[in-house]
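Trainee: For the sequence shown, this note's numbering assigns the number 31 to the initial residue and increments by one for each residue that follows. My questions will all concern the structure given below.
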Amino acid sequence: MTVYEDYANRFVEKNNLGPEHISVQFMCIVEELGEFAKALSEGDKHDQACELADLLFTVFVMAELLSVDVLTSFIRKSEINLTKSNRTSAGKIKK
Ligand SMILES: [Mg+2]
């Protein structure tokens, strides 16, 4: 278990969270994404780092609730993403 998974697992156990909390956890992810967007627009690096950490934490908690190995999936998807190099007119990288 990684340190990320350990923190998320401890949070889930401490708060008695389970699959019935997946919808609420999804809203937590959206909330943290909004806070990160606000920090980006305001340009404060400390706030950006804190809100990005909050966002990652909520994602790791979601992975715990779903019982998915998000780090293995991250590596697999990253290998796929590294094969992409075409940039759209909006700047997004895609196949
Ligand atoms: Mg936050």
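Backbone N, C-alpha and C define an ideal beta-carbon position, used for all residues, glycine too.
Following a CB-centred definition, is Asp74 positioned closer than 6 Å to any heavy atom of ligand 1?
Mentor: Flag unset: Cβ of Asp74 not near ligand 1.
Trainee: Would you say the beta carbon of Asp84 is closer than 6 Å to some non-hydrogen atom of ligand 1?
Mentor: Checking every heavy atom of ligand 1 against the Cβ of Asp84, one is found closer than 6 Å.
Trainee: So what's Lys125 in DSSP terms, helix, strand or just coil?
Mentor: DSSP places Lys125 in coil when its eight states are reduced to three.
Trainee: Any heavy atom of ligand 1 closer than 6 Å to the CB of Glu65?
Mentor: Correct: Glu65 has its Cβ closer than 6 Å to ligand 1.
Trainee: May I have a chain-ordered list of the beta strand (DSSP E) segments no shorter than 3 residues that lie completely inside the region 31-108?
Mentor: Correct list: empty.
Trainee: Count the other CB atoms, across all protein chains shown, that sit within 10 Å of the CB of Leu56; report buried if there are 16 or more and exposed otherwise.
Mentor: The question names Leu, but residue 56 in the sequence shown is Phe. Exposed, by the Cβ-count rule.
Trainee: When you compare only the Cα positions, how much space is there between Ala38 and Leu82?
Mentor: For Ala38 and Leu82, the distance between alpha carbons rounds to 15 Å.
Trainee: For a quick check, are the C-beta atoms of Asp84 and Glu62 less than 7 Å apart?
Mentor: In contact: Asp84 and Glu62 (Cβ atoms closer than 7 Å).
Trainee: When every heavy atom of ligand 1 is checked, does at least one fall within less than 6 Å of the C-beta of Glu81?
Mentor: For ligand 1, at least one heavy atom lies less than 6 Å from the Cβ of Glu81.
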